[in-house]
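The sequence shown begins at 128 in this note's numbering and counts up one residue at a time. Beta carbons are placed, not taken as given, at the ideal position from N, Cα and C, and that holds for glycine. So the structure is just underneath, and the comments pick up after that.
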Amino acid sequence: MNSTRTAGNPLLVPAEAFVDYAAVRPEHIEPAVRELIEASRAAIETAAACTEPPDWNNLVEAVETPSERLHRAWAIAGHLNSVVNTPELRAAYNACLPLMSEFSTWVGLHRGLYERYRALKASPAFAGLTPARRRIVELALRDFRLSGVELEGAARETYARNAELQAQVSQKFSENVLDATDGWSLLITDETCLDGLPADVIAAAAQAARTAGETGWKLTLHMPCYLPVMLHARDRELRQTLYRAHATRASDQGDPAFDNSESIESLLALRAEEAALLGHTDFASLRLETRMADSAGQVLDFLRELATRARPSAQRDLDELRAFAARELGIEPLEPWDIAYASERLRESRYAYSDEELRPYFTESQVLNGLFRVIHTLFGARLEVSDVPAWHADARIYRVLDAEGRELGRLGVDLYARPGKQGGAWVDSERSRRVHGECLHTPLAWLTCNFPSPQDGREALLSHDDVITLFHESGHAMHTLLSRVDDPGAAAFAAVEWDAIELPSQFMENFCWEWDVLQSLTRHVDTGAPLPRDLYDRMIAARNFQSGLQTLRQVEFALFDMLIHTRTSGLSISEVLDTLDQVRQEVALLIPPAWHRFPHAFSHLFAGGYGAGYYSYKWAEVLSADAFAAFEEAARPGPDGTRDVFDPATSRRYLDEIIAVGGSRPAAESFRAFRGRDPSIDALLRHSGLVET
């Protein structure tokens, strides 16, 4: 690589330096990736050819140093592609996908490097490593095996081609969902059609129309618009229109240019082929080699038990909803586009409470201040906004500081939905904590959401569900930012089992229901008053409203995921939809129309790494509920029946045994170290209101 081509490239800063996101251009990506791949290849060849006995420095460290820079640059490229997508950026990213896929496959198939790791594991030097470093070596050997290193001849070539194709097809799936979502809108010219919608949603729709040079109100499928329409629009036809558009995104029922049918078929076939090449009967059994769960059968039993426990409550939920909708709303039969609307009216009627009544109290600045207070109380860390430029005017970079003011890491926060930004909410890591010689490389993470943006000069208002989402993602962020693991190979996002990675995130959600926490999270946008106690009491009473139906919905998704990945070969799109229908007949009470195409936009499965792993949300929820139960058991009673759940000793133990250790030991060991026993499902059932009283 000609260094003159990459001089001044912001993606090529030294490992200890910070990247200027605002300076990154699409034309920087491919030259940086090529140069860093070349450097990593050279380092791997040198380490593999070394004639000295293998040790940590001449093998693992020698490979990790250049690889860290490559994976950091690629992470930044992927992040920008997700949050500020443009045709130029997408083209640059896609041009590098085959390069990165080929390099990753080449590393996984490098027999010489594999043999050096095997020799290190068998050498006296291995016994002298720290437990975390021994685990890194053992995980590396496992990953080599799962990357096909022991394959020969044509099988190796097939595996390499398979890996490259999976990366390309997953990216295409993601692009189709993004483009289908961005490409649909509905211009409303009669304001009466918007009856029932919150004022800030109407204002945002008017602004969207003005931006597009149109008169009226522009509705979209982005969540800050779509969800309020489904919850609050009195116009049933409008709800049906948006429901159908959302349910058929990226499918044969929508714009054929974005149809993901072929991508789904290709991915399932490629995954089945990958599993067979590596000696597994199906993709699920391959994936479960790296999880807490032992087998697909264990996962299926867990999900079906949960469905059995939830079904009586779910049936009561649905019977009550249908009766209420017919009696009070004149809606009969209850159609899928009526569910959210009727449910919100029932909740308002039963509890004299609605999400919209809460929203004015959750101003963005107050929510962030309250979140940061919780983080400080739990973990002793402070977040301080910096003047470091981010990738978009909406995004901010925070410094994470310890009690002495030392920087532990940095967190980029990007909260608002906008065109060109992938939907949903997630945390990703640019760099994990690493001690390299005398130098400490602190971690950097990104927290991304899709909340409503500020309107009419007022700051953004969040729903309580938005607040829960923000706390959830902050749990992921703290898992990497508060790590004390000095080697990236044992970092949380690198080594924690996938079905345990949601423990810290789901754990944080619990604080969104505590009275003292909500007092710090709320400040009415007009009066400045915190959340009133009577509104809090109504909110708590409604906490488990329709939790049975919600649990069955998650079980439905997880069962579908597991069943399509326990086949020995790929499936046609009709077989995929048939499988989903069979799952719904088994566990669901709400059956969508035949034209519904949920799988076609299920990015978790086909573009987000959750293939044969969606069950992880419920699996980890068992862990997180049980972990929070330790705080409940240690809670001190407060006035008016409140409680203080921030027990210092329990907080320190949680930080020390769950958060700070990252993936330096198996998740089951970390849980037992914190809780003193194996996890129990009891707390989850109690928190979800699924225990008969």
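Give me the Cα-Cα distance between residue 787 and residue 537, rounded to the nearest whole angstrom.
-> 16 Å
Who pairs with residue 829 in a beta bridge, going by DSSP?
-> No answer is possible for residue 829: the residues shown for the chain start at 128 and end at 820.
Are residue 450 and residue 459 close, meaning C-beta to C-beta below 7 Å?
-> no
Decide yes or no for the touch test of the region 277-290 against the region 367-386: beta carbon pairs closer than 8 Å, at least 3 of them.
-> no
Backbone secondary structure at residue 468 - three-state DSSP = helix
Would the region 241-251 and the region 587-605 be scored as touching if the rule is three or more Cβ pairs under 8 Å?
-> no
May I ask you to report which of helix, strand or coil DSSP gives residue 833?
-> The requested residue 833 is not part of the displayed model; the chain covers only 128 to 820.
What first and last residue would you give for the beta strand (DSSP E) that runs through residue 684?
-> Premise fails: residue 684 lies in the alpha helix (DSSP H), 674-691, not in any beta strand (DSSP E).
Taking the alpha helix (DSSP H) that residue 248 falls in, what are its first and last residues?
-> 238-249
Over the uninterrupted alpha helix (DSSP H) stretch that includes residue 300, give me the two end residues.
-> 280-309
Can you tell me which of the three DSSP states residue 623 falls into?
-> coil
In whole angstroms, what is the alpha-carbon distance linking residue 726 and residue 704?
-> 8 Å
Collapsed DSSP secondary structure at residue 489 in the structure displayed | coil
With distances taken Cα to Cα, identify the nearest neighbour of residue 834 among 516, 490 and 708.
-> Because the chain here runs from 128 to 820, residue 834 falls outside it and cannot be looked at.
Are the Cβ atoms of residue 411 and residue 232 separated by less than 7 Å?
-> no
Who pairs with residue 582 in a beta bridge, going by DSSP?
-> 585
How big is the Cα-Cα spacing for residue 259 and residue 615?
-> 10 Å
Collapsed DSSP secondary structure at residue 256 in the structure displayed | coil
Kindly indicate which three-state DSSP category residue 128 falls into: helix, strand or coil?
-> Low per-residue confidence applies at residue 128: pLDDT is 46, beneath 50, and the placement is therefore not dependable, though the value from the model is reported in the following sentence. Residue 128 falls in the coil class under three-state DSSP.
Just the C-alpha distance for residue 209 and residue 766, rounded to the nearest angstrom, thanks.
-> 46 Å
Range covered by the alpha helix (DSSP H) that runs through residue 397 | 388-404
Do residue 211 and residue 519 have their C-beta atoms within less than 7 Å of each other?
-> yes
Just mark residue 789 as buried or exposed, buried being the case when its beta carbon has 16 or more other beta carbons within 10 Å.
-> buried
Would you be able to state if there are at least three C-beta pairs under 8 Å between the region 184-191 and the region 213-224?
-> no
How about residue 348 and residue 316: are their beta carbons less than 7 Å apart?
-> no
Can you name the residues that DSSP bridges to residue 572?
-> 538 and 556
Cβ contact (3+ pairs, closer than 8 Å) linking the region 418-427 and the region 617-634 | yes
Do residue 610 and residue 560 have their C-beta atoms within less than 7 Å of each other?
-> yes
Pairwise C-alpha distance: residue 600 and residue 542 | 11 Å
Three-state secondary structure (DSSP) of residue 185 = helix
Close-in-space but distant-in-sequence residues of the same chain around residue 682 (CB under 6 Å, 5 per side omitted) = 430, 433, 434 and 714
Unbroken alpha helix (DSSP H) run spanning residue 356, endpoints = 350-359
Whose C-beta lies closer than 7 Å to the C-beta of residue 697 among residues of the same chain, with five residues either side of it excluded?
-> 392, 395, 396 and 399
Leaving aside the five residues before and after residue 598 along the sequence, list all residues of the same chain whose C-beta is less than 7 Å from its C-beta, in chain order.
-> 498, 635, 636, 638 and 639
Minimum C-alpha distance to residue 343 - residue among 271, 312, 364 and 366 = 312
Taking the C-alpha atoms as reference points, what is the distance between residue 773 and residue 738?
-> 36 Å
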